[in-house]
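Structure first, commentary second.
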Amino acid sequence: MGKQLIGLDVLRGVGIFFVVALHSAFYYFGGLFQLDLNDPPVVVTVIGLLLMFAGLFAMISGLVHSLQFERRIELHNDPVKSMKHQIKAGLFVLVLAYLYFIFTGPGLAQFETASFDNSILVELIQNGRFVGLSQERILYVDSLVMLGTNAILCGLIAFWFHRLFPDPKRRKTAYFALAIGLFLFSLLRLPLYEVYLEAVGEQNLGVILGLNFFVNKNNPILPFLAFGVYGMWMTLVMLASRESDSKKTSPGRTIVPVGAGLFLIGVLLYIFLPDTMLERSIDMKWYSIMLAQLGLFSLLTLLCIRLYEDKRLSRKPGKAKIGGLGLFFYRFGIAGLTVFFFESVISGLVYRSLRLLWPELSFTIGQSLLYGLSIAILWGIFLILWEKSHYRYGIEYWYAWWIDRKSSSTKGAKLRGEL
Numbered sequence: 001m002g003k004q005l006i007g008l009d010v011l012r013g014v015g016i017f018f019v020v021a022l023h024s025a026f027y028y029f030g031g032l033f034q035l036d037l038n039d040p041p042v043v044v045t046v047i048g049l050l051l052m053f054a055g056l057f058a059m060i061s062g063l064v065h066s067l068q069f070e071r072r073i074e075l076h077n078d079p080v081k082s083m084k085h086q087i088k089a090g091l092f093v094l095v096l097a098y099l100y101f102i103f104t105g106p107g108l109a110q111f112e113t114a115s116f117d118n119s120i121l122v123e124l125i126q127n128g129r130f131v132g133l134s135q136e137r138i139l140y141v142d143s144l145v146m147l148g149t150n151a152i153l154c155g156l157i158a159f160w161f162h163r164l165f166p167d168p169k170r171r172k173t174a175y176f177a178l179a180i181g182l183f184l185f186s187l188l189r190l191p192l193y194e195v196y197l198e199a200v201g202e203q204n205l206g207v208i209l210g211l212n213f214f215v216n217k218n219n220p221i222l223p224f225l226a227f228g229v230y231g232m233w234m235t236l237v238m239l240a241s242r243e244s245d246s247k248k249t250s251p252g253r254t255i256v257p258v259g260a261g262l263f264l265i266g267v268l269l270y271i272f273l274p275d276t277m278l279e280r281s282i283d284m285k286w287y288s289i290m291l292a293q294l295g296l297f298s299l300l301t302l303l304c305i306r307l308y309e310d311k312r313l314s315r316k317p318g319k320a321k322i323g324g325l326g327l328f329f330y331r332f333g334i335a336g337l338t339v340f341f342f343e344s345v346i347s348g349l350v351y352r353s354l355r356l357l358w359p360e361l362s363f364t365i366g367q368s369l370l371y372g373l374s375i376a377i378l379w380g381i382f383l384i385l386w387e388k389s390h391y392r393y394g395i396e397y398w399y400a401w402w403i404d405r406k407s408s409s410t411k412g413a414k415l416r417g418e419l
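Using the numbering used here, the first residue of the sequence shown is number 1, and each one after it goes up by one.
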């Protein structure tokens with residue numbers, strides 16, 4: 001099963017690469033605030049959909065953390081220690097998330113005022129002034145907040161389900177039931193979001209804080225915990241297949257029909273429901289997108305696992321190795337958290353430098369996409385050079401130190417090129 005982590009790292013790297021590219025494309029498109037959201041260009045609709053891929057990271061995170069949990073149980077038979085390990089990982093990401101969104105994160109587009117609510121460093125770079133913290137930025141549940149919260153909650157779920165369902169087969173069924181149950185329960189987000197908006201308008205802090213992590217417009221527990229638990233179910237499906245030589249236990253025989261079914265239902269709902277996607281409403285249209293993504297992401301995850309199942313990061317004779325684009329994206333999967341943390345600052349510095357040369361610079365849609373892609377490729381070149389020093393002193397370096405100071409963690413081994 002260890003080989004399969006390579007495929008997950010590649011898939012995560014692909015996601016981070018395109019997040020970096022699309023962030024820069026979105027925030028530096030000169031005509032952003034002049035868009036007609038009732039009749040937008042097709043490319044804008046596609047970008048909007050691609051920026052909604054947080055569930056992919058949630059699913060990969062749930063799968064990887066669950067795999068590590070099961071491994072530690074097998075090695076040490078200590079569920080409490082395994083749970084604490086995962087909670088430590090989640091707390092690290094949560095602290096990082098708030099540092100990111102306060103100091104280096106991207107701006108929040110405010111179409112009403114045709115402006116951005118920027119982080120401290122991005123505002124300093126773009127407009128030369130320090131800004132305070134808005135309530136929206138403090139309460140914003142970005143993808144890192146979601147991943148940190150998911151890591152903690154999935155760790156608690158893994159611990160209790162290991163106690164309640166010692167039999168892996170029953171635990172696998174319980175994970176699937178919980179994932180689908182959480183996703184169905186997420187329908188409550190539709191009416192609760194209206195309650196949340198009313199509380200924001202009335203500045204009712206009690207209601208705001210009570211609902212924020214559950215129904216906030218961006219990446220809340222409902223439904224993204226369902227993506228994480230779904231990843232945990234996939235882990236047990238794949239572990240079960242490793243314990244049997246029968247083709248009947250192949251993970252594809254379970255994951256493919258379930259994932260394809262969820263994707264098809266979501267797509268059909270999307271087609272027949274009124275188009276409100278670019279209004280970013282939390283409605284059944286949004287729910288259909290999440291349902292389609294739940295199925296699609298599981299298929300993508302399984303595909304990448306299969307593609308890299310027999311490959312190694314090795315140049316030894318007789319060993320299939322990763323090369324080309326696979327290795328390029330793998331580096332983003334290993335050290336992409338550092339890239340994600342600083343990409344808005346670097347992109348802002350590059351754009352500000354270009355504006356010094358061409359003061360009237362304003363990107364069209366095509367130019368902004370080219371700009372975003374160029375920034376992401378430059379990050380990829382930086383990772384090639386940084387790899388030689390094993391990504392020393394990056395965020396992943398400190399993450400590995402925090403998780404296991406004896407330098408025996410899987411993350412640390414990957415950074416050092418030992419896996």
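For every residue, glycine included, the Cβ atom is placed at its ideal position computed from N, Cα and C.
Note that the coordinates shown come from a computational prediction; the quantities given were computed from them, not determined experimentally.
Beta-carbon contacts of residue i that lie in its chain and below 7 Å, excluding the five residues immediately before and after
i: Phe29; result: Phe363, Ile365, Ser368
i: Val131; result: Asn118, Ile120, Glu123
i: Leu133; result: Ile102
i: Glu153; result: Residue identity check: residue 153 is Leu in the sequence provided, not Glu. Answer for Leu153: Leu225, listed in chain order.
i: Phe273; result: According to the sequence displayed, residue 273 carries Leu and not Phe. The residues are Met284, Lys285, Ser288.
Best match in the options for proximity to residue i [C-alpha to C-alpha]
i: Gly127; options: Tyr351, Glu198, Pro223; result: In the sequence under discussion, the amino acid at residue 127 is Asn, which differs from the Gly named in the question. Minimum Cα distance to Asn127 is reached at Tyr351.
i: Ile208; options: Leu190, Leu415, Gln135; result: Gln135
i: Val200; options: Asn212, Pro191, Leu156; result: Asn212
i: Phe263; options: Ser298, Asp275, Glu198; result: Ser298
i: Ala400; options: Pro41, Lys88, Phe329, Leu32; result: Lys88
i: Trp379; options: Pro359, Leu296, Val345, Trp233; result: Val345
i: Leu178; options: Phe161, Tyr193, Leu187; result: Phe161
i: Asp142; options: Lys414, Lys217, Phe342; result: Lys217
i: His85; options: Phe227, Gly15, Phe33, Leu156; result: Leu156
i: Ser186; options: Tyr175, Phe227, Leu197, Thr173; result: Phe227
i: Gly430; options: Pro191, Phe342, Phe183, Thr173; result: Given that the chain is displayed from residue 1 to residue 419, the structure contains no residue 430 and the question cannot be resolved.
i: Leu325; options: Gln203, Tyr308, Leu354, Thr45; result: Tyr308
i: Leu385; options: Leu356, Phe328, Cys304; result: Phe328
i: Leu56; options: Trp233, Leu300, Pro220, Leu222; result: Leu300
Whole-Å CB distance - residue i paired with residue j, under 8 Å assumed
i: Ser241; j: Pro251; result: 5 Å
i: Ala158; j: Met83; result: 7 Å
i: Arg72; j: Lys81; result: 7 Å
i: Leu75; j: Arg171; result: That pair is no contact at about 18 Å.
i: Val64; j: Leu8; result: 6 Å
i: Gly15; j: Phe53; result: 6 Å
i: Tyr230; j: Val215; result: The pair is not a contact, with the Cβ atoms about 20 Å apart (cut-off 8 Å).
6 Å CB neighbourhood of residue i in its chain, flanking five on each side removed
i: Thr410; result: none
i: Gly318; result: With a pLDDT of only 47 at Gly318, under the threshold of 50, the placement of this residue in the model should not be trusted; the figure read from the coordinates follows. Contacts found: none.
i: Gly90; result: Gly148, Ala151, Ile152
i: Leu67; result: Thr235
i: Arg12; result: Ile60, Gly333
i: Ala58; result: Asn150, Phe224, Phe227, Gly228
i: Glu343; result: Val20
Span of the alpha helix (DSSP H) around residue i
i: Phe116; result: Looking at the DSSP string, Phe116 is not in any alpha helix (DSSP H); the run it does join, the beta strand (DSSP E), is 115-117.
i: Arg331; result: 324-357
i: Gly380; result: 365-386
i: Glu194; result: 189-202
i: Ile282; result: Run containing Ile282: none; DSSP gives neither H nor E here.
i: Asn150; result: 143-164
i: Phe213; result: 205-215
i: Tyr175; result: 168-185
i: Gln135; result: 135-139
i: Tyr98; result: 79-99
i: Phe424; result: Not covered by the structure: residue 424. The range shown for the chain is 1 to 419.
Same chain, Cβ closer than 8 Å to residue i, neighbours up to 5 away in sequence not counted
i: Leu373; result: Ala21, Ala25
i: Arg129; result: Glu123
i: Tyr270; result: Lys285, Ser288, Ile289, Ala292
Residue range of the beta strand (DSSP E) that includes residue i
i: Gly110; result: The question names Gly, but residue 110 is Gln in the sequence shown. Counting along the chain, the beta strand (DSSP E) containing Gln110 begins and ends at 108-110.
Inter-stretch contact at 8 Å, needing at least 3 Cβ pairs: the segment 325-335 / the segment 375-391: With three or more CB-CB distances shorter than 8 Å, the segment 325-335 counts as touching the segment 375-391.
Inter-stretch contact (C-beta, 8 Å, three-pair minimum) for the segment 156-175 and the segment 95-102: The segment 156-175 is not in contact with the segment 95-102.
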